[in-house]
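Chemist:
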Amino acid sequence: MADKNPKSVSAALAAATCSLLGSVPAAPVQAAEEPTWDFNTALLYYGEDNDRVQDLSLNILARRNYVDDRSLTLGLTVDTLTGATPNGAIRQNVPQTFTRPSGSSAYTVPGGELPLDDTFKDTRAAITVGWEQPLGRLWKTSIGFSGSREYDYTHLGLNGSLSRDFNKRNTTVSAGLAVAHDIWDPVGGTPVAFAPMLDVGDTGNKTGSETKDIIDAVIGVTQVISRRLLVQLNYSFSNSSGYLTDPYKFLSLVDGATGETIPRVPPPGAEGPSHEFRFENRPDERTKQSLYGQAKYYMGGKVLDASYRYMTDDWEIDSHTVDLRLRWPLGEYSYIEPHFRFYTQSEADFYTISLVDGAELPAFASADYRLGNFDAITAGLKYGWKTRSGKEMSIRAEIYQQDGTIPGDLLIGNQVGRETYPDLDAIIVQFSYHFSR
Amino acid sequence: MNRTRIVSVGIVGLVTLASGCSSMGVEPWERDILAKEEMQLTTDPIEAAIDDHIYFSKEASSGGRGFGGGGCGCN
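Structure, rendered in structure tokens:
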């Protein structure tokens, strides 16, 4: 073989001569490995039915791998959001008019329909920077920064983690800490708690920006059980303090007997709400805890990925999440992966659907459906394939459905039979492309 | 009470798991399957991040696998 290539013959001769003479070759014997880049990119469409939220999202995660397992990770996400979202008010048999969050105009929802605020439009850009490296033979550490910006919201966060391998690297114990400082700067200002919705142009119920601070801690164990089975168990603690209210959501103020929203007539010449609405108010602190378990099991080429999470918080929300994925190879270069997820949560202790006129105001109240009692399922399929040059692509399509119930004791008078949880149907379509260079 | 209980259960669980784990596992030359890309805990970091973000925006729970996520107004 070698004699077909004069260059390799001369190189071999030179090397042999060097070694005979005991001299050191100019180039190092073991060349340093070149750093490589891994790019994970994805384009996502998330769309809810009934013209509710639509999101088009571009995601790029670039990872530069250095020798000795050190790596730098850079992430960029750009989301374009449009659509309508439930504003918190209950249905009425007559049309309802609401002042927009900006306070500069109003919108009207037809009688019998779930009130949606259709002014939802935002662009969100988020970046992440992370550095990971081993510390000695068994320890590994990482530090990271995250930041995001929307028209009305800014997030800044720092995170770090430390892990150590034990037992021939079959056991890994890890601990992580993340802190974040987020700033709300709502369109039209932050509403005062339980303040009434005012006429167009009247900003007497709004103040400036608000902040919240979040601390997250995670400790976990990853364990190799056998050649085919790997499990992970995590305990997480999260504390948020500051402004945790949604500044765009409010509640209907209703008659204690009929359950109908109290009508309101804007002054002559003014445009404004047709009924009495009060901005919501949530506690300024929340502590969440969760236990998370995940298993990966290899079955003759197929891989089952199963996880379960139990979460509980001091808003009295408990949730259970089960997530199952089965990666099923189709030949050497492609696979399909069915995905099923089930989620269920109980409502927050201050979740309600309306406030009663004349009754003493509760300390906290929100009609945000995301704090209500509901189940959700996700079902989907992913198809992935690899090109001969090693590039990987995948496409996934999923449906996401929320199905909730309003606890019967929250319904007053005519609300019984008319008010239903704003169920949600959404689709998720994603194309991913992974390559290295 | 609830908080103390779950912390205790979590810590006892992790310690039990860690101590019970010393007899489990594989030898270094038996890692052929575990080294496969599809056997990593997070096979697709972007998809994991996207899912965390969607569910954070639509549900009252977040985190578990990693940090709580967030960083959005998420109407």
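Quick note, the sequences are listed as chains P and D, same order. Each residue of the first sequence is one higher than the last, beginning at 1 in my numbering. Each residue of the second sequence is one higher than the last, beginning at 1001 in my numbering. Glycine residues also receive a C-beta, built at the ideal position from the N, C-alpha and C atoms. Remember, predicted model here, so these are calculated numbers, not experimental data.
1) Could you pull out every residue in the same chain whose Cβ sits closer than 7 Å to the Cβ of P/A31, ignoring the five residues on either side in sequence?
2) Could you tell me whether any Cβ in chain D is nearer than 9 Å to the Cβ of P/I427?
3) CB P/T77 to CB P/L58, shorter than 9 Å?
4) For the region 304–318 of chain P, list every residue whose C-beta sits within 7 Å of some C-beta in chain D, in sequence order.
5) What does DSSP give as the partner residues of P/A306 in its beta bridges?
6) Check whether the region 187–195 of chain P and the region 213–222 of chain P are in contact - that is, three or more C-beta pairs closer than 8 Å.
7) On the CB-based measure, 16 or more other CB atoms within 10 Å of its CB, does P/L135 come out buried or exposed?
8) Across which residues does DSSP place P/Y248 in a beta bridge pair?
9) Of all Cβ atoms in chain P, is any one closer than 9 Å to the Cβ of D/D1052?
10) Please list, in chain order, all residues of the same chain as P/D51 whose beta carbon is under 7 Å from its beta carbon, the five residues on each side excluded.
11) Taking only the alpha-carbon atoms, compute the straight-line gap between P/D117 and P/R278 and give it to the nearest angstrom.
12) Could you tell me whether the region 211–219 of chain P touches the region 249–257 of chain P, using the rule of 3 or more Cβ pairs below 8 Å?
13) Looking at P/T154 and P/D199, is the spacing between their C-beta atoms short of 9 Å?
14) Does any CB atom of chain D fall closer than 9 Å to the CB of P/L244?
15) What is the residue span of the beta strand (DSSP E) that P/A106 lies within?
16) Pick helix, strand or coil for D/M1039, following the three-state DSSP scheme.
17) Indicate whether at least one CB of chain D lies closer than 9 Å to the CB of P/Q133.
18) Could you name the residues of chain P that D/A1035 contacts, counting a contact when the two beta carbons are closer than 9 Å?
19) Under DSSP, the alpha helix (DSSP H) around P/D122 begins and ends at which residues?
20) List the whole-angstrom C-beta distance separating P/P422 from P/L114, where the pair is believed to meet the contact cut-off of C-beta under 8 Å.
21) So D/A1048 contacts chain P; which residues on that side make the cut at Cβ distance below 8 Å?
22) Could you tell me whether any Cβ in chain D is nearer than 9 Å to the Cβ of P/Y153?
23) Quick check: what's the CA-CA separation for P/A27 versus P/V129?
24) Is the region 226–233 of chain P in contact with the region 289–301 of chain P, if contact means three or more CB pairs nearer than 8 Å?
25) At what residues does the alpha helix (DSSP H) containing D/Y1055 begin and finish?
26) Would you kindly check if the distance between the Cβ of P/D323 and the Cβ of P/D246 is under 9 Å?
27) So, is the C-beta of P/N167 closer than 9 Å to a C-beta in chain D?
28) CA-CA distance, P/A195 and P/N205?
29) Straight-line CA distance for P/V67 to P/W37?
30) Among the residues of its own chain, which have a CB less than 7 Å from the CB of P/A359, if the five just before and after it don't count?
31) Can you name, in chain order, every residue of its own chain whose Cβ lies under 7 Å from the Cβ of P/G22, other than the five neighbours on each side?
32) Quick check: what's the CA-CA separation for P/V24 versus P/R70?
33) Beta strand (DSSP E) containing P/W139: first to last residue?
34) Confirm, please, whether the CB-CB distance from P/F350 to P/T365 is below 9 Å.
35) Kindly give me the distance between the Cβ atoms of P/L162 and P/A180, rounded to whole angstroms, as I take these residues to be in contact under 8 Å.
Modeler: Let me spell this out:
1) As a first step, residue 31 of chain P is located in the first sequence; it is residue number 31 there, counting from the start. A caution first: P/A31 carries a pLDDT of 47, below 50, which makes its placement in the model unreliable, though a value can still be read off. Counting only Cβ-Cβ distances below 7 Å, and skipping sequence neighbours, we find nothing.
2) Along the first sequence, one-based indexing puts residue 427 of chain P at 427. Not closer than 9 Å to any Cβ of chain D, the Cβ of P/I427 fails to qualify, so no.
3) Here residue 77 of chain P refers to the residue found at position 77 of the first sequence. Here residue 58 of chain P refers to the residue found at position 58 of the first sequence. Contact: yes.
4) R309, M311, T312 and I317
5) Position 306 of the first sequence holds residue 306 of chain P. P/A295 and P/L324, per the DSSP bridge assignment.
6) no
7) Position 135 of the first sequence, counted from the start, is the residue given in the question as residue 135 of chain P. P/L135 should be labelled exposed.
8) Here residue 248 of chain P refers to the residue found at position 248 of the first sequence. Answer is none; P/Y248 lacks a bridge partner.
9) On the second sequence, position 52 is the one that residue 1052 of chain D refers to. No, its Cβ sits nowhere closer than 9 Å to a Cβ of chain P.
10) The residue labelled residue 51 of chain P in the question sits at position 51 within the first sequence. Same-chain partners within the cutoff: G83 and A84.
11) Working through the first sequence from its first residue, we reach residue 117 of chain P at position 117. Working through the first sequence from its first residue, we reach residue 278 of chain P at position 278. Straight-line Cα distance between these residues: approximately 15 Å.
12) no
13) Stepping through the first sequence from its first residue, residue 199 of chain P is reached at position 199. Stepping through the first sequence from its first residue, residue 154 of chain P is reached at position 154. Contact flag unset, no.
14) If you number the first sequence from 1, residue 244 of chain P lands on position 244. So, not an interface residue.
15) Residue mapping note: residue 106 of chain P aligns to position 106 of the first sequence, counting from 1. P/A106 -> beta strand (DSSP E) spans A106 to V109.
16) Numbered from 1 along the second sequence, position 39 holds the residue referred to as residue 1039 of chain D. Reduced to three states, the DSSP call for D/M1039 is helix.
17) Taking the first residue of the first sequence as 1, we reach residue 133 of chain P at position 133. Closer than 9 Å: no.
18) Locating residue 1035 of chain D in the second sequence gives position 35, counting from the first residue. The premise fails here: D/A1035 is roughly 11 Å from chain P at the closest Cβ pair, so nothing lies under 9 Å.
19) Here residue 122 of chain P refers to the residue found at position 122 of the first sequence. Not the alpha helix (DSSP H): P/D122 falls in the beta strand (DSSP E), residues L116 to L135.
20) What you label residue 422 of chain P is simply residue 422 of the first sequence in a count that begins at 1. What you label residue 114 of chain P is simply residue 114 of the first sequence in a count that begins at 1. About 5 Å; that satisfies the 8 Å criterion.
21) As a working note, residue 1048 of chain D is residue 48 in the second sequence. Under the 8 Å cutoff, chain P gives no residues; its nearest Cβ is about 10 Å from D/A1048.
22) The residue given as residue 153 of chain P occupies position 153 in the first sequence. Yes, its Cβ sits closer than 9 Å to a Cβ of chain D.
23) As a working note, residue 27 of chain P is residue 27 in the first sequence. As a working note, residue 129 of chain P is residue 129 in the first sequence. Confidence at P/A27 is low in this model, with a pLDDT of 44, below 50, so the placement of that residue is unreliable and no value is reported for it.
24) yes
25) Here residue 1055 of chain D refers to the residue found at position 55 when the second sequence is read from its first residue. Segment P1045 to K1058, the alpha helix (DSSP H) holding D/Y1055.
26) Mapped onto the first sequence, residue 246 of chain P falls at position 246. Mapped onto the first sequence, residue 323 of chain P falls at position 323. Not closer than 9 Å, so no.
27) To locate residue 167 of chain P, count along the first sequence from 1; it is residue 167. For P/N167, the answer is yes, since a Cβ of chain D falls inside 9 Å of its Cβ.
28) Position 195 of the first sequence holds residue 195 of chain P. Position 205 of the first sequence holds residue 205 of chain P. Answer to the nearest angstrom: the Cα atoms are 6 Å apart.
29) Indexing the first sequence from 1 puts residue 67 of chain P at position 67. Indexing the first sequence from 1 puts residue 37 of chain P at position 37. In a straight line, the C-alpha of P/V67 is about 12 Å away from that of P/W37.
30) As a working note, residue 359 of chain P is residue 359 in the first sequence. Closer than 7 Å at Cβ, skipping near neighbours: G256.
31) As a working note, residue 22 of chain P is residue 22 in the first sequence. In this prediction, P/G22 has a pLDDT of 41, which is less than 50 and means its spatial position is unreliable; what the coordinates show is noted afterwards. Around P/G22: no qualifying Cβ.
32) Here residue 24 of chain P refers to the residue found at position 24 of the first sequence. Here residue 70 of chain P refers to the residue found at position 70 of the first sequence. The predicted model places P/V24 with a pLDDT of 41, which falls under 50 and marks its position as unreliable; any figure quoted below should be read in that light. Taking the straight line joining both Cα atoms gives about 30 Å.
33) As a first step, residue 139 of chain P must be located in the first sequence, where it is residue number 139. Residues W139 to R149.
34) The residue you call residue 365 of chain P lines up with position 365 of the first sequence. The residue you call residue 350 of chain P lines up with position 350 of the first sequence. Rather than Thr, the amino acid found at residue 365 of chain P in this sequence is Ala. Yes, the pair counts as a contact, with Cβ atoms nearer than the cut-off.
35) Working through the first sequence from its first residue, we reach residue 162 of chain P at position 162. Working through the first sequence from its first residue, we reach residue 180 of chain P at position 180. 19 Å between Cβ atoms; not a contact.
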